[in-house]
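To start, the structure under review is shown below, and the notes come after it.
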Amino acid sequence: MLEQQLTPLVLQAVKELYGIDANEQQVQFQKTRPEFEGHLTLVVFPFVKAARKAPAQVAADLGGYLHSHCPQLIERYNAVQGFLNLVIADSYWLQTLQTIAADDNYGQQPDRHQLMMVEYSSPNTNKPLHLGHVRNNLLGASIARIQEANGWQVVKTNIVNDRGIHICKSMLAWLRYGNGETPESTGKKGDHLIGDYYVRFDKEYKKQIEELKAQGMDEETAKKEAPLIKEAQDMLRRWEQGDKEIRDLWAKMNSWVYAGFDETYRRMGVSFDKIYYESNTYLEGKKEVERGLKEGIFYRREDGSVWADLTKDGLDEKLLLRSDGTSVYMTQDIGTAKLRYTDYPINKMVYVVGNEQEYHFKVLSLLLDKLGFPFGKELVHFSYGMVELPNGKMKSREGTVVDADDLMAGMIDEAKELSKDKVNTLTGITPEEADEIARVVGMGALKYFILKVDPRKNMLFNPEESIDFNGNTGPFIQYTYARIRSVLRKAEDAGEKATNIQTIRLNGKELALIQRLSEFPQTVRQAGDDFSPAVIANYAYALASEFNSFYHDFSILGEKDEAVRSFRLSLSGAVAKVLRRSACLLGIEMPERM
RNA sequence: GGUUUGGUAGCUCAGUUGGAUAGAGCAACAGCCUUCUAAGCUGUGGGUCGCGGGUUCGACUCCCGCCCAAAUCACCA
Numbered sequence: 001m002l003e004q005q006l007t008p009l010v011l012q013a014v015k016e017l018y019g020i021d022a023n024e025q026q027v028q029f030q031k032t033r034p035e036f037e038g039h040l041t042l043v044v045f046p047f048v049k050a051a052r053k054a055p056a057q058v059a060a061d062l063g064g065y066l067h068s069h070c071p072q073l074i075e076r077y078n079a080v081q082g083f084l085n086l087v088i089a090d091s092y093w094l095q096t097l098q099t100i101a102a103d104d105n106y107g108q109q110p111d112r113h114q115l116m117m118v119e120y121s122s123p124n125t126n127k128p129l130h131l132g133h134v135r136n137n138l139l140g141a142s143i144a145r146i147q148e149a150n151g152w153q154v155v156k157t158n159i160v161n162d163r164g165i166h167i168c169k170s171m172l173a174w175l176r177y178g179n180g181e182t183p184e185s186t187g188k189k190g191d192h193l194i195g196d197y198y199v200r201f202d203k204e205y206k207k208q209i210e211e212l213k214a215q216g217m218d219e220e221t222a223k224k225e226a227p228l229i230k231e232a233q234d235m236l237r238r239w240e241q242g243d244k245e246i247r248d249l250w251a252k253m254n255s256w257v258y259a260g261f262d263e264t265y266r267r268m269g270v271s272f273d274k275i276y277y278e279s280n281t282y283l284e285g286k287k288e289v290e291r292g293l294k295e296g297i298f299y300r301r302e303d304g305s306v307w308a309d310l311t312k313d314g315l316d317e318k319l320l321l322r323s324d325g326t327s328v329y330m331t332q333d334i335g336t337a338k339l340r341y342t343d344y345p346i347n348k349m350v351y352v353v354g355n356e357q358e359y360h361f362k363v364l365s366l367l368l369d370k371l372g373f374p375f376g377k378e379l380v381h382f383s384y385g386m387v388e389l390p391n392g393k394m395k396s397r398e399g400t401v402v403d404a405d406d407l408m409a410g411m412i413d414e415a416k417e418l419s420k421d422k423v424n425t426l427t428g429i430t431p432e433e434a435d436e437i438a439r440v441v442g443m444g445a446l447k448y449f450i451l452k453v454d455p456r457k458n459m460l461f462n463p464e465e466s467i468d469f470n471g472n473t474g475p476f477i478q479y480t481y482a483r484i485r486s487v488l489r490k491a492e493d494a495g496e497k498a499t500n501i502q503t504i505r506l507n508g509k510e511l512a513l514i515q516r517l518s519e520f521p522q523t524v525r526q527a528g529d530d531f532s533p534a535v536i537a538n539y540a541y542a543l544a545s546e547f548n549s550f551y552h553d554f555s556i557l558g559e560k561d562e563a564v565r566s567f568r569l570s571l572s573g574a575v576a577k578v579l580r581r582s583a584c585l586l587g588i589e590m591p592e593r594m
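Numbering (the numbering used here), first residue to last: 1 to 594.
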């Protein structure tokens, strides 16, 4: 890398010119701002005091030194105040492009020989996926790809919350009001069908509460005493006891939901290597808690409930088993962790879970550590922000959720509508291809929209305003790619070749593109270190944007000079490759035409 | 109340160990298709970087105080 090449020379320069023993930290390079001439800028302020000279003088001195010691690399320089702008020779950039073009895995970091498990999605089985899950799934899938690019071996996992009071509510409502409806009989996706009964339960439950209140009961008591909730709780108890009738119903309804989820995951383009079910892990969690109890890590209260005392760690006391012996969320997570580490040699565990659960994961980390799991302390809670609607948070019971299936279908419809005139002008296009383009572009718009924002921040989604297809969007990047592909196809037809050209003069836009391309590996590393697909999205946008500007100003195939034409083909090919790779890290597909 | 996170253009967002005159997109306005795909390109307007102090050659960035918003502190998940 350029900076690494120049740093020792700068250290040598300050030593010789001023007698300063500087360290690498003080050698600060940054990309030259567009309003100045140059590509790389050395910030000389760190040396100004010790040099006892004006900043502009130091910059000029260092410029002269670097230029005379490395004329083949540094063609010119200019000093503006404390900034030394270096003009790097074309030959360096041409060589850089050559290296990039020849590398089929450009950006891929060396193998770490370590395994990272990424948990994401983690749905409840009582309702369909909504926009919040979409953010989770897209982030999880993207992070998995980004960490693979950073040399990790990645196992994607999903913990399905398939048991508990929530699913009992749906089951009960279905038994009472369902008349034996099935996905087949209604033509509804299974997850939506179950979700409808979850909503139905809530409606009837509220009705009962109101009736009880009308009879003079206070709200708190009414919520506990309503027959429906008591029945649901009874159902949960029977489930835990293994009541065959309840278990059969539960299995049937969950299977409907899974078929629905599979469909949604498929459309979303996310997948898992291993799926865990809470109904299988909660007992394991209980065992671990019992062990902790025996070993004196936890304690039992008089009512029989089991607790962990975390006051010494600056946290509170945490419940692990209820007084009736049933498990809570934490118990289940402990069990799931145990099973996972028996199944895989995990070096790092990552949980993609919303920031509302930060406290939970702080506690989980501590508890796993206390229980003697080596991975406890280092678990990563990849905590992302909520998706908010203009009038606040989404609430499934209040019907203010944006459904995942509806959202995806809407995006694809919109892409189809928008592209109708355009796509039909493409030669030899079939209706199937046109549909496929609409699907890829619609999903690309949705994915980019969600992934381009910093995961840690809450983000706003306004259902009234459609997601853009112009500007800083997924389709912008896809379109740039499709245009390049079109040019490359034409070049191939004409027998044009991208060859290794080392002798031409570069224009500013070509040079900016090569420099941008050269930043890809560090961008991948940063995205991995920060767990941020947004870093990749921003990079891809900058690259596409710069290419479009170049494409507008210069002809590739129409260029008279054969060497330049060949170089531009090579450059365009490299841009397409890196755009594709970036999009892939985001889980965005690229159309060959659009 | 404690803890955590955030507050940048009308709106949605970038701004990576502190660096030059804080950037994009959308929306508005004005241009550019007989030339490799106009989902594109070029330009104009739009800012007290929540407020006030401090640290220093230099602060959107670091520190302190305050204001606002969100999350969390459950025998919920």
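All C-beta atoms, glycine included, are put in the ideal place defined by N, C-alpha and C.
(request) Could you check the C-alpha separation between residue 592 and residue 424 for me, to the nearest Å? (result) 15 Å
(message) In this structure, how does DSSP classify residue 182 when only helix, strand and coil are distinguished?
(response) coil
(message) In chain order, what are the residue ranges of uninterrupted beta strand (DSSP E) at least 3 long that sit wholly in the segment 78 to 164?
(response) 83 to 88, 115 to 119 and 153 to 160
(message) For residue 102, tell me which candidate among 577, 585 and 461 has the shortest Cα-Cα distance.
(response) 577
(message) Between 22, 165 and 427, which has its C-alpha nearest residue 49's C-alpha?
(response) 22
(message) I need the straight-line Cα distance from residue 603 to residue 446, nearest angstrom please.
(response) Residue 603 cannot be examined here, being either before or after the span of the chain that is shown, 1 to 594.
(request) Quick one: residues in its chain with C-beta nearer than 8 Å to the C-beta of residue 391, no 5 flanking neighbours on either side, listed in chain order? (result) 400
(request) Compute the distance between the beta-carbons of residue 191 and residue 260, then report whether it is under 9 Å. (result) yes
(message) Alpha carbons only, please: which of 475, 486 and 456 is nearest the one belonging to residue 427?
(response) 486
(request) Name the two residues that bound the continuous beta strand (DSSP E) containing residue 42. (result) 40 to 43
(request) Name the residue from 258, 568 and 113 whose alpha carbon lies nearest to the alpha carbon of residue 276. (result) 258
(message) As an exercise, report each continuous beta strand (DSSP E) stretch of at least 3 residues that is fully enclosed by the segment 300 to 326, in chain order.
(response) 306 to 309 and 317 to 321
(request) Assign residue 503 to buried or exposed, taking buried as 16 or more other Cβ atoms, counted over all protein chains shown, within 10 Å of its Cβ. (result) exposed
(request) Could you say which of 75, 345, 366 and 82 lies nearest to residue 312 if we only look at CA atoms? (result) 366
(message) Along the chain, where does the alpha helix (DSSP H) containing residue 419 start, and where does it finish?
(response) 404 to 424
(message) Between the alpha carbons of residue 505 and residue 588, how many angstroms are there, rounded?
(response) 35 Å
(request) Quick one: measure Cβ to Cβ for residue 41 and residue 84, integer angstroms, because I've assumed they're closer than 8 Å. (result) 7 Å
(request) Count the other C-beta atoms from every protein chain shown that fall within 10 angstroms of the C-beta of residue 590, then say buried if there are 16 or more, exposed otherwise. (result) buried
(message) Does residue 278 pass the burial test, meaning 16 or more other C-beta atoms within 10 Å, or should it be called exposed?
(response) buried
(request) Note the first and the last residue of the continuous alpha helix (DSSP H) segment covering residue 332. (result) 329 to 343
(message) So if DSSP puts residue 388 in a beta bridge, which residue, or which two residues, is it bridged to?
(response) 393 and 460
(request) Kindly provide the ranges of any alpha helix (DSSP H) runs that are 4 or more residues long and lie completely inside the segment 494 to 527, ordered along the chain. (result) 508 to 518
(request) Drop a sphere of 10 angstroms on the beta-carbon of residue 377, count the other beta-carbons inside from all chains shown, and report buried for 16 or more, exposed for fewer. (result) exposed
(message) Once the 5 residues before and after residue 156 are set aside, which same chain residues still bring their CB inside 6 Å of it?
(response) 118, 144, 272 and 273
(message) For residue 203 and residue 165, I'd like the C-alpha separation in whole angstroms.
(response) 16 Å
(request) Please classify residue 24: is it buried, with 16 or more other beta-carbons within 10 angstroms of its beta-carbon, or exposed? (result) exposed
(request) For the alpha helix (DSSP H) containing residue 57, list its first residue and its last residue. (result) 55 to 69
(request) Take residue 516 and list the residues in its own chain whose beta-carbon comes closer than 7 Å to its own, dropping the five residues that flank it on each side. (result) 542, 543 and 546
(message) On the DSSP letters alone, give me the boundaries of the alpha helix (DSSP H) that residue 28 sits inside.
(response) Note, residue 28: premise wrong, no alpha helix (DSSP H); beta strand (DSSP E) at 28 to 31.
(request) Taking 9 Å as the cut-off, decide whether the C-beta atoms of residue 122 and residue 105 are in contact. (result) no
(request) Assign residue 552 to buried or exposed, taking buried as 16 or more other Cβ atoms, counted over all protein chains shown, within 10 Å of its Cβ. (result) exposed
(message) In whole angstroms, give me the CA-to-CA distance for residue 189 and residue 127.
(response) 11 Å
(request) Measure the C-alpha to C-alpha separation of residue 194 and residue 385 and round it to an integer number of angstroms. (result) 27 Å
(request) Drop a sphere of 10 angstroms on the beta-carbon of residue 327, count the other beta-carbons inside from all chains shown, and report buried for 16 or more, exposed for fewer. (result) buried
(request) State buried or exposed for residue 36, treating a residue as buried only when at least 16 other CB atoms are found within 10 Å of its CB. (result) exposed
(message) Buried or exposed for residue 493, going by 16 or more other Cβ atoms inside 10 Å?
(response) exposed
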